[in-house]
Amino acid sequence: MRQVLIATSASARNGLVGMGGIVRNTASGGANDNIVAKYSATLGPRDEQNAYMAELEAIAMVLRCMPDGLQHRDIIVATRNRSALQAIAKPRQQSGQGAIREIYRHARRLEKGSNTIKMRWVSSTNESFTLGVKAKKPPHQARSTRLRVLLAQRRRLMVLPESVGGYSKRLDKALPGK
Numbered sequence: 007m008r009q010v011l012i013a014t015s016a017s018a019r020n021g022l023v024g025m026g027g028i029v030r031n032t033a034s035g036g037a038n039d040n041i042v043a044k045y046s047a048t049l050g051p052r053d054e055q056n057a058y059m060a061e062l063e064a065i066a067m068v069l070r071c072m073p074d075g076l077q078h079r080d081i082i083v084a085t086r087n088r089s090a091l092q093a094i095a096k097p098r099q100q101s102g103q104g105a106i107r108e109i110y111r112h113a114r115r116l117e118k119g120s121n122t123i124k125m126r127w128v129s130s131t132n133e134s135f136t137l138g139v140k141a142k143k144p145p146h147q148a149r150s151t152r153l154r155v156l157l158a159q160r161r162r163l164m165v166l167p168e169s170v171g172g173y174s175k176r177l178d179k180a181l182p183g184k
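Shown next, in the form of structure tokens:
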């Protein structure tokens, strides 16, 4: 059976949480198997996201992007986040239920084409797993992130000075609830 090998990775560095992945088609059976797709994205600041959720989202994203016409393949998803794999295996009372639901939905969709999906844990000390290193590459700076930072700076500039509205503020304090 022809294989599709997928490596996902998530990390939290410098106050930001990011995810990435790489998809390799091993149908040719050689050392130069072609890389079909790769992606990386910054999800947000660490106080809003964590690496566990980022890993679940990375797995959900890669399964979501697999084409419907894929048939008779052995799809192997490799990750270094053991807790994400445990949550997928037993999803009862774990956080990240939305992402886990997405993973199951897309896994069922892919299994309709006679594909098998296997999730595998790879030790972080395993240096022979080169796809994990490629999936862990830092994402490029996205425009939307830059735009969000610029808009936040702009909002700070658009605040009224302290001297404006003093009478209204005193009146609001005197008449609570009105």
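Residue numbers (this note's numbering): 7 to 184. Ideal Cβ placement from N, Cα and C applies to all residues, glycine included. Keep in mind it's a predicted model, so treat the numbers as computed, not measured.
| Asked | Found |
| --- | --- |
| Assigned secondary structure, V83 (DSSP; H/G/I helix, E/B strand, else coil) | strand |
| Nearest to A94 (by Cα), restricted to the options I41, R126 and L163 | Here residue 94 turns out to be Ile, not Ala, going by the sequence shown. When each option's Cα is compared against that of I94, the closest is R126. |
| From D178, H112 and V83, residue whose alpha carbon lies closest to that of G75 | H112 |
| Helix, strand or coil at S174 [DSSP, three-state] | helix |
| Residues that G21 bridges to, as DSSP identifies them | In the DSSP output, where bridge partners are listed per residue, G21 has none listed. |
| Residue environment, V155, which counts as buried when at least 16 other CB atoms sit within 10 Å | exposed |
| First and last residue of the uninterrupted alpha helix (DSSP H) at M59 | A57 to R70 |
| Three-state class that DSSP yields for A16 in the structure shown | strand |
| C-beta atoms of G26 and A64 nearer than 8 Å | yes |
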